[in-house]
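Report on one structure; see the data block that follows.
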Amino acid sequence: MTRGKLILIEGLDRTGKSTQSEKIVKELGDEVVLFKFPERSTPIGGLINQYLTDRSFDLPPQSIHLLFSANRWEVNAKIRSLLESGKHVVLDRYVYSGVAYSAAKQIPGMDISWCLNPDKGLVKPDLTLFLSNQDSSSLQDRDGYGEERYEKAAFQKKVRETFFQVFDAIPDDNVVIVDVTGKSIEQVFDTIMPLVRKVLGNNSEDYLYF
Numbered sequence: 001m002t003r004g005k006l007i008l009i010e011g012l013d014r015t016g017k018s019t020q021s022e023k024i025v026k027e028l029g030d031e032v033v034l035f036k037f038p039e040r041s042t043p044i045g046g047l048i049n050q051y052l053t054d055r056s057f058d059l060p061p062q063s064i065h066l067l068f069s070a071n072r073w074e075v076n077a078k079i080r081s082l083l084e085s086g087k088h089v090v091l092d093r094y095v096y097s098g099v100a101y102s103a104a105k106q107i108p109g110m111d112i113s114w115c116l117n118p119d120k121g122l123v124k125p126d127l128t129l130f131l132s133n134q135d136s137s138s139l140q141d142r143d144g145y146g147e148e149r150y151e152k153a154a155f156q157k158k159v160r161e162t163f164f165q166v167f168d169a170i171p172d173d174n175v176v177i178v179d180v181t182g183k184s185i186e187q188v189f190d191t192i193m194p195l196v197r198k199v200l201g202n203n204s205e206d207y208l209y210f
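Its first residue numbered 1, the sequence shown is counted upward by one per residue in full-length UniProt numbering.
Structure follows, in structure tokens:
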């Protein structure tokens, strides 16, 4: 049996990642499973959710970074099992977000290399689509923006810069930057879906790892 493919949708907060992930899943139907990170239904995910939504709940930046990584490892076996069974898996955020958001804090000792280390051994996606929106004002106009800890314009700008530093630091030919600035949901979907279908048609059985 040909293994399933791992498709990742990345980007800043409120750039349409969840919308596009859900549209891909709807388009492909039963052959694909969606995971959103952080996976807040797990024990570790519950702590992360509290950290993101309750500003009085504070943790050292190193600790929260390791929790985000542990959250990815919590569901790693399930993702691998699905891929081995022939199911495709779509991820809404993954390792790149974890590294970029932590490294963007510019904490001494928490450089990109340090931030990546806990994720080494996780499967790399067969395709990573980074949704890039250069119009920060459009993000702030979205309903609910600013409710969670990292949804601040100045920090999001740092995260965007750090994402590209991460892509430079982690060699990955399967990363595609998709400019979504000023584009409708359907226009973005029409851009990314052919890329997804191309990868799904690849019969490679080999995995790549972070």
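Backbone N, C-alpha and C define an ideal beta-carbon position, used for all residues, glycine too.
Any idea what DSSP makes of Lys158, helix, strand or coil?
The sequence position of residue 158 within the sequence shown is 158, counting from 1. Lys158: helix per DSSP, three-state reduction.
Using the Cα positions of Phe57 and Ile48, report the straight-line distance between them to the nearest angstrom.
Numbered from 1 along the sequence shown, position 57 holds the residue referred to as residue 57. Numbered from 1 along the sequence shown, position 48 holds the residue referred to as residue 48. Approximately 10 Å between the Cα atoms of the pair.
At 4 residues or longer, what runs of the alpha helix (DSSP H) sit wholly inside the region 14 to 42?
17 to 28
Could you give the first and the last residue of the continuous beta strand (DSSP E) run that contains Glu10?
Working through the sequence shown from its first residue, we reach residue 10 at position 10. Counting along the chain, the beta strand (DSSP E) containing Glu10 begins and ends at Leu6 to Gly11.
Would Lys36 pass as a contact of Ser18 if the rule is Cβ separation under 8 Å?
Position 36 of the sequence shown, counted from the first residue, corresponds to residue 36. Position 18 of the sequence shown, counted from the first residue, corresponds to residue 18. Against a cut-off of 8 Å, the Cβ pair of Ser18 and Lys36 comes out as a contact.
Might you give, ordered along the chain, the residues of its own chain that have their beta carbon closer than 8 Å to the beta carbon of Tyr150, omitting 5 neighbours on each side?
Position 150 of the sequence shown, counting from 1, holds the residue named residue 150. Answer for Tyr150: Asp13, Leu52, Tyr101, Gln156 and Val159, listed in chain order.
Write down every uninterrupted run of the alpha helix (DSSP H) in the region 162 to 191 whose length is 4 residues or greater and which is fully enclosed by it, in chain order.
none
From the DSSP secondary-structure annotation, give me the bridge partner or partners of Asp206.
Along the sequence shown, one-based indexing puts residue 206 at 206. Its beta-bridge partners do not exist; DSSP assigns none.
Does DSSP put Phe57 in a helix, in a strand, or in coil?
Here residue 57 refers to the residue found at position 57 when the sequence shown is read from its first residue. DSSP places Phe57 in coil when its eight states are reduced to three.
Contact under 8 Å by Cβ, Val90 with Val32:
Counting from one through the sequence shown, the residue named residue 90 turns up at place 90. Counting from one through the sequence shown, the residue named residue 32 turns up at place 32. A contact, by the Cβ cut-off of 8 Å.
Would you check if there are 3 or more beta carbon pairs closer than 8 Å linking the region 119 to 135 to the region 170 to 183?
yes
Tell me where the beta strand (DSSP E) around Leu122 begins and ends.
Within the sequence shown, the letter at position 122 stands for residue 122. Segment: none, Leu122 is in no beta strand (DSSP E) and carries neither H nor E.
Would you list the residues sitting across from Val90 in a DSSP beta bridge?
As a first step, residue 90 must be located in the sequence shown, where it is residue number 90. Ile7 and Leu34, per the DSSP bridge assignment.
Cβ of Met162 within 8 Å of Cβ of Ala70?
Here residue 162 refers to the residue found at position 162 when the sequence shown is read from its first residue. Here residue 70 refers to the residue found at position 70 when the sequence shown is read from its first residue. In the sequence on display, residue 162 carries Thr and not Met. Going by C-beta atoms, Thr162 is not nearer than 8 Å to Ala70.
Going by DSSP, what residue range makes up the beta strand (DSSP E) through Ser132?
Walking along the sequence shown from the start, residue 132 turns up at place 132. It spans Leu127 to Ser132 - the beta strand (DSSP E) in which Ser132 sits, taken as one unbroken run.
Just to confirm my understanding: we take Met110, look at its own chain, exclude 5 residues before and 5 after, and list those with CB closer than 8 Å. What are they?
The residue you call residue 110 lines up with position 110 of the sequence shown. Hits under 8 Å: Pro61, Gln62, His65, Ser102 and Ala103.
If you drop the 5 nearest sequence neighbours on each side, which residues of the same chain put their C-beta closer than 6 Å to that of Glu27?
Start at 1 with the first residue of the sequence shown, and residue 27 comes out as number 27. Excluding residues within five positions, none has a Cβ falling inside 6 Å.
Should Asp92 go down as buried or exposed, given a rule of 16 or more other Cβ atoms within 10 Å for buried?
Translated into the one-based positions of the sequence shown, residue 92 becomes position 92. The residue in question, Asp92, is buried, as its Cβ has 16 or more Cβ neighbours within 10 Å.
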